[in-house]
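Have a look at the structure below, then the notes.
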Amino acid sequence: MRGVTVIGGGPSGLAAAVGLAEKGYDVAVVEVMGELGGMLTQCIHDGFGTKVFGEALSGPEFSERLVKKARSLGLKVFLNTYVKEVRAGEGFKEVVAVSPGGVQRLQTRAIVYAIGCRERNGFEIRLGGTRPAGVYTAGMVQRLVNLYGVLPGRRIVIMGGGDVGMIVARHLHLEGVESILMVFPEAGFAGLPRNVQQCVLDFGIPFRPRTVVKKVIGRERVEGVVLTRVDEKWNPVEGTEEFHACDTVVLALGLVPYTGELKLGVRMDPATRGPEVNEFFETSVEGVFAVGNLVQVFDYVDDAFETACIAARGVEKYLNGGLKTAPVRLSPGGNVRMLAPQRVEWVDDGDVPVFLRPAVEKANVRVVVRNREGRILGGFFKRYVRPSTLERIDVPRSMLSNLQEVSIDIAED
Amino acid sequence: MQRIELLCTRCPRGCLLRVTVVESRVVVEGNECPVGEKHGAEEALNPRRIVSTTVRIIGARLPRLPVRTSEPVLKNRVRDVVAALKNIVVEAPVKAGQVILKNVVDTGVDVIAERDMERA
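Chains as they are written, first to last, in this note's numbering: chain A, 1 to 413; chain B, 1001 to 1120.
What follows is the structure, encoded as structure tokens:
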């Protein structure tokens, strides 16, 4: 029987697989696409790896470092292989996968899920109008442009002002489309300032805040969109509808954990929309771990990578009979939208890294850990927090001893 | 006198910097910390960017090879760099880091491959 099966060959899956193989475990990686690297393969811009490697790499450069390591360690890799079924019982785990070589039944002692996130689609925001050709998700556009050199159209409307939308806007601009207009319901861009400056402002790409696409117009191909202004609550402002001609609509509506492909009943967190995990990123099923953007959508691949390294240590503890105690539950308090891990339960002496998404934009704040009665157990100073930037705190384990639950909030002054 | 406005990219706060350059004197306003002041001055006097794009590749599994400048180039040369790569065609195999175009548009910077691309 194999030691560990990793599902997903993107940066998080590879980080977990390499971490475990380096310690001598027998690891297999199952990847649905034709090559390893995941989404990084199409992220040809630079800025990846500043925390992990201490330099700004492009996506392909980042993933190639991991792929080379995986090769040198002799990992078993199944490409073009789709996981059809996962079984996890007492002391028995099996991943059933369809590969070009036939159906593989991979019996394994532990499983690491690293299947990432998916893009939100037009149905989720009830995008109105017709369904002509020319409506793409941003990730698909990035793939077409960067892998195949195909422009999706000439006159582009991008819905969404997050990081993915901005990065795709820059690609399209540099590759020579005629016009781009970005629209989003927020008052400002939802992504990192770095991208606002270097993707949008650097090139003078037009954008309209507090604006949404009400409907798509076109029979065979997109002919335009009806734009409408929205108020602070994102409700349409009457009388502001306006036709805008274009041939392509790009949906950059945000990312959510790709839980639809889990094939296993694990407990979910409605806030992160991913599986609930403990401090070593183990799901509610023993010996089944979840890492990277499947758990919570990270802003930096470096942080997703880090969760995989933590999980690799967890898998090792699991395989070597590590002990658990009664769990301490972590829940988001005031001004915190979501956090992971959601529980702490292993016997260990290391600090517990907690990743949390602020719900507010504020300077000089304290991220505070409280017990059930609201008493402050500890605080972590942050110079500036905003929803577009995930924060990390390292909670000393001693702070959590003998508790059943704590909440973590961003304290009001 | 030159006046520019830009967002500081050094932390999540993203201060709106207003930078004034009079002869060789640089004044940065709107920054909340010294890092922002340094960043604003750099962006006014010597703004540089890494340029990433793709070039055509023959004989590989994919039709495009991702490339980038090996060092940041002056911001106002970004478009020229992309234009210079429009008609470049390379042949697989290519190794990551391999020079695709030397001293692109006289910037003194090379354009390199971002990844290996085997012959298919």
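Where is the CB? At the ideal position from N, CA and C, for every residue including glycine. No experiment lies behind these values; they were computed from the predicted model shown.
Check                                                                                                                                                                                      : Outcome
Among A:G379, A:G314, A:R2, A:R120, which residue has its Cα nearest to the Cα of A:V164?                                                                                                  : A:R120
Hey, A:E282 and A:V288: beta-carbon distance below 8 Å or not?                                                                                                                             : yes
For A:F184 versus A:P209, is the C-beta spacing smaller than 8 Å?                                                                                                                          : yes
Using a Cβ-Cβ cutoff of less than 8 Å, which residues in the same chain neighbour A:V67 once the five nearest sequence positions on both sides are dropped?                                : L14, L36, G37
In chain order, what residues of the same chain lie with their CB nearer than 6 Å to the CB of B:H1039, ignoring the 5 residues before and after it?                                       : C1008, R1010
Contact between the segment 103 to 114 of chain A and the segment 50 to 57 of chain A is defined here as three or more beta-carbon pairs at a separation below 8 Å; is this criterion met? : no
Would you check whether the ligand NAP has a heavy atom nearer than 7 Å to the C-beta of B:N1031?                                                                                          : Inclusion of the ligand NAP in the displayed structure is not the case, the ligand content being empty and no account of it being possible.
Determine which residues of the segment 1035 to 1046 of chain B have a Cβ less than 9 Å from any Cβ of chain A, and write them out in chain order.                                         : E1043
DSSP state of B:N1103, grouped into three classes?                                                                                                                                         : coil
Taking 8 Å as the CB-CB limit, is B:V1116 close to chain A?                                                                                                                                : According to the sequence displayed, residue 1116 of chain B carries Asp and not Val. Closer than 8 Å: yes.
Check whether the Cβ atoms of A:P193 and A:K214 lie closer than 8 Å to each other.                                                                                                         : no
Short check: CB of B:V1081 to CB of B:V1055, under 8 Å?                                                                                                                                    : no
To the nearest angstrom, how far is it from the Cα of A:R126 to the Cα of A:E223?                                                                                                          : 19 Å
Distance cutoff 8 Å, beta carbons only. Does B:A1084 sit that close to anything in chain A?                                                                                                : no
Name the chain A residues whose beta carbon is nearer than 8 Å to that of B:P1012?                                                                                                         : L192, P193, Y384, V385, R386, S388, T389
At which residue ranges does the segment 1054 to 1120 of chain B contain complete alpha helix (DSSP H) runs of 4 or more residues, listed in the order of the chain?                       : 1078 to 1084
For the alpha helix (DSSP H) containing A:E84, list its first residue and its last residue.                                                                                                : In the sequence under discussion, the amino acid at residue 84 of chain A is Lys, which differs from the Glu named in the question. Note, A:K84: premise wrong, no alpha helix (DSSP H); beta strand (DSSP E) at 82 to 89.
For A:A326, count the other beta carbons within 10 Å of its own beta carbon; 16 or more makes it buried, fewer makes it exposed. Which is it?                                              : exposed
Quick check on the DSSP output: what are the complete beta strand (DSSP E) runs of length 3 or more inside the segment 45 to 117 of chain A, in order along the chain?                     : 46 to 48, 76 to 78, 82 to 89, 92 to 99, 102 to 113
In or out: B:E1118 buried (at least 16 other Cβ within 10 Å) or exposed?                                                                                                                   : exposed
Within its chain, find whatever has a CB closer than 7 Å to the CB of B:G1030; leave out the 5 residues flanking it on each side and keep chain order.                                     : C1015, L1016, L1017, R1018
Interface residues of chain A around B:P1063 at Cβ under 7 Å?                                                                                                                              : Y148, G149
Among the candidates B:A1041, B:V1021, B:P1012, whose CA atom is the shortest distance from the CA of B:R1003?                                                                             : B:V1021
Let me confirm a value: A:I205 is counted as buried when at least 16 other C-beta atoms fall within 10 Å, else exposed. Which label applies?                                               : buried
Along the segment 63 to 88 of chain A, what residues have a CB closer than 7 Å to any CB found in chain B?                                                                                 : E64
Throw me the rounded Cβ distance for the B:V1111 and B:V1067 pair, which I believe falls under 8 Å.                                                                                        : 5 Å
With 8 Å as the threshold, decide whether the Cβ of B:A1096 is near any Cβ in chain A.                                                                                                     : yes
Just to make sure I have the definition right: I need the residues of chain B whose C-beta is within less than 8 Å of the C-beta of A:D202. Which are they?                                : R1049, K1075, V1078
Looking only at C-alpha atoms, which of A:A245, A:G74, A:I111 sits nearest to A:F92?                                                                                                       : A:I111
Among the residues of its own chain, which have a CB less than 8 Å from the CB of A:E241, if the five just before and after it don't count?                                                : K214, V226, L227, T228
Which of helix, strand or coil does DSSP assign to A:Y25?                                                                                                                                  : coil
On a CA-only basis, which of B:A1083, B:P1063, B:L1101 is nearest B:E977? Give me that one, please.                                                                                        : Past the edges of chain B, shown from 1001 to 1120, lies residue 977 of chain B, and the structure says nothing about it.
Determine the DSSP secondary structure at A:L294, reduced to helix, strand or coil.                                                                                                        : helix
For B:V1027, which residues from the same chain have a beta carbon less than 6 Å from its beta carbon, with the 5 sequence-adjacent residues on both sides left out?                       : T1020
So B:R1056 contacts chain A; which residues on that side make the cut at Cβ distance below 8 Å?                                                                                            : G149
Contact between the segment 1045 to 1060 of chain B and the segment 16 to 32 of chain A: three or more CB pairs below 8 Å?                                                                 : no
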